[in-house]
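Going from the sequence shown to the numbering used here is simple: count from 1 and add 81. All C-beta atoms, glycine included, are put in the ideal place defined by N, C-alpha and C. Please read these numbers as outputs of a predicted model, since none were measured by experiment. First the structure, in the form of structure tokens, and then the observations on it.
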Amino acid sequence: MPTHRELFLQHVAQTSTAPLAIEMVKAEGIYMWDASGRRYIDLIGGISVCNIGHRHPQVVEAVKAQLDRYMHLMVYGELVEAPQVQYAAALTRLLPASLDSVYFTSSGAEATEGAMKLAKRVTGRTQIVAFRESYHGSTQGALSVMGDEYWRNAFRPLLPGIDHEEYGSDRALERITEHTAMVIAETVQAEKGVRKAPPGWMERLRRRCTETGALLVLDEIQAGFGRTGSLWAFEQYGIAPDILLLGKALGGGMPLGAFVASRDRMMTLAADPVLGHITTFGGHPVCCAAGMASLQVLLESEAIKKVEAKARLFEEELKHPCIKAVRTAGLLIAVEFESFEENKRVIDRCLELGVFTDWFLFAPHCLRIAPSLLITEKDITEACKVIREVCSESE
Ligand code: PLP
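Right, dumping it as structure tokens:
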């Protein structure tokens with residue numbers, strides 16, 4: 082009988098020639114267990130998905146309760162489904178008044194796609210300003226705004242009219258004109274290895290968009306839900322986007338994305354053509370129930386208030402001659418090494434010692450840490466001790 086690992090390599094489509102290919106059999110809180118019984122401290126939480134850890138009891142309970150009522154009923158936007166309605170209302174209560182309409186999708190990339198269509202529809206314009214080293218998803222539209230030629234080039238032709246500028250630059254602001262439909266930016270550039278905008282730039286970006294009538298689309302698919310120390314990362318700049326992209330932690334461990342805008346703007350997708358944006362599974366009731374429960378846990382636990390202190394602890398614990406820098410945006414953390422090879426050695430060895438990490442798409446020499454926000458000080462010190470010990474092995 083072939084093993085699961087063999088079947089995985091043979092029949093599950095591969096996206097790299099060197100997948101980790103470890104079979105996990107259980108996950109709970111900050112931990113995961115593989116088929117041999119080895120326990121791992123999960124420092125990446127499904128890439129910023131599991132903001133309150135794996136299988137939180139309240140989330141599991143909400144999922145089970147919804148399973149007992151109904152699963153899929155009808156394509157998005159026809160029937161009134163309580164989990165969707167309740168979650169949309171809860172999210173909009175926590176957002177500025179101008180963001181009062183939620184279009185639920187099944188993934189982050191689909192949220193990007195929807196926002197691109199909405200911006201074209203609202204402005205009647207087609208040009209887009211995006212940023213180098215940004216990631217907004219892997220579908221064709223999202224790939225077109227992605228900020229890396231290596232990944233884009235293999236799949237041309239892509240969408241025309243997209244201008245990729247340097248994140249945080251003055252030139253980028255100058256490129257926004259009366260012809261620009263939208264500007265899409267991550268509030269923190271995650272895949273660049275945690276790059277924040279220079280002071281004042283986000284505010285100027287907001288002003289420039291307002292002056293020119295371009296819509297500001299902020300992608301908080303990775304930075305949202307407390308990850309950077311406030312519920313929404315844009316709050317830290319005192320600005321609000323015209324369209325907000327959500328995903329990852331939005332679904333509490335289930336697949337869910339969303340683009341959020343004003344109801345007036347969103348209504349442009351309802352007429353001429355009718356059904357301007359369609360999805361079968363977007364806003365799946367079980368996913369919405371999980372997301373809602375997860376948001377409640379996040380808010381009730383007051384975990385967001387402790388994010389900064391935990392980030393400081395990571396910084397203190399990750400001092401080692403091999404570590405060139407530690408960049409944090411709350412609990413989105415990049416640990417910089419000399420090279421990808423050194424980083425990969427550390428990642429692989431940490432894995433052998435039961436600490437699960439990863440690298441970043443546009444910063445392969447940086448180790449990714451994005452754990453559950455409920456991670457304890459004890460887990461942080463234990464995990465960092467392993468990372469330091471692994472660093473010392475190469476000295
Ligand atoms: N935007 C950002 C900032 C992301 O980090 C990601 C995923 O990593 C996406 C968009 C795409 O989300 P998904 O993988 O759910 O399509």
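Taking the runs of the alpha helix (DSSP H) that are 4 residues or longer, which of them lie wholly in the stretch 277–345?
Whole alpha helix (DSSP H) segments, 4+ residues: 282–293.
Roughly how many angstroms lie between the CA atoms of residue 355 and residue 266, to the nearest whole one?
Computed Cα separation, rounded: 29 Å.
Use the C-beta contact count for residue 420: other C-beta atoms within 10 angstroms, 16 or more gives buried, fewer gives exposed.
Classification for residue 420: exposed.
Using 8 Å as the cut-off, can you tell me whether the stretch 278–294 makes contact with the stretch 244–261, which would need three or more C-beta pairs spanning the two stretches below that distance?
For the pair of segments examined, the stretch 278–294 was found to touch the stretch 244–261: the number of CB pairs separated by less than 8 Å reaches three.
Verify the contact flag: residue 329, CB atom, against every heavy atom of the ligand PLP, threshold strictly below 8 Å.
Yes, since a heavy atom of the ligand PLP falls inside the 8 Å radius drawn around the Cβ of residue 329.
Can at least three beta-carbon pairs, one atom from the stretch 374–384 and one from the stretch 129–141, be found at a separation below 8 Å?
A contact is defined here as three or more CB-CB pairs under 8 Å, and the stretch 374–384 meets this definition with respect to the stretch 129–141.
Return helix, strand or coil for residue 405, following the three-state DSSP convention.
It is coil, neither helix nor strand.
Any alpha helix (DSSP H) of 4 or more consecutive residues that is wholly inside the stretch 408–433
Counting whole runs of 4 or more residues, the stretch 408–433 contains the alpha helix (DSSP H) stretches 421–433.
Pull up the DSSP beta-bridge partners for residue 468, would you.
Answer is none; residue 468 lacks a bridge partner.
Could you give the distance in angstroms between the alpha-carbon of residue 203 and the alpha-carbon of residue 344?
If I take the Cα positions, the gap works out to 12 Å.
Closest to residue 341 by C-alpha separation, out of 259, 192 and 454, would be which residue?
Considering only alpha carbons, the answer is 192.
In the DSSP assignment, find the unbroken alpha helix (DSSP H) run with residue 135 in it and report its ends.
Note, residue 135: premise wrong, no alpha helix (DSSP H); not H, not E.
Alpha-carbon to alpha-carbon, residue 269 and residue 444:
For residue 444 and residue 269, the distance between alpha carbons rounds to 14 Å.
What residue range is occupied by the uninterrupted alpha helix (DSSP H) comprising residue 225?
Counted as a single uninterrupted DSSP element, the alpha helix (DSSP H) harbouring residue 225 occupies residues 221–226.
Output yes or no for whether 9 Å exceeds the beta carbon distance between residue 462 and residue 423.
Against a cut-off of 9 Å, the Cβ pair of residue 423 and residue 462 comes out as no contact.
Taking the straight line between their C-alpha atoms, what separation do you get for residue 389 and residue 313?
Rounded to whole angstroms, residue 389 and residue 313 show a C-alpha spacing of 14 Å.
Is there at least one non-hydrogen atom of the ligand PLP closer than 8 Å to the beta-carbon of residue 248?
Answer for residue 248: no, Cβ out of range of the ligand PLP.
Per-residue burial, residue 365 [other beta carbons within 10 Å of its own, 16 or more giving buried]
By the 16-neighbour rule on beta-carbons within 10 angstroms, residue 365 is buried.
Which residues in the same chain have their Cβ closer than 6 Å to the Cβ of residue 300, if we skip the five residues on either side of it in sequence?
Excluding positions up to five away in sequence, the list reads 217, 267 and 326.
Within the continuous alpha helix (DSSP H) that includes residue 377, where are the two ends?
Its alpha helix (DSSP H) spans residues 366–382.
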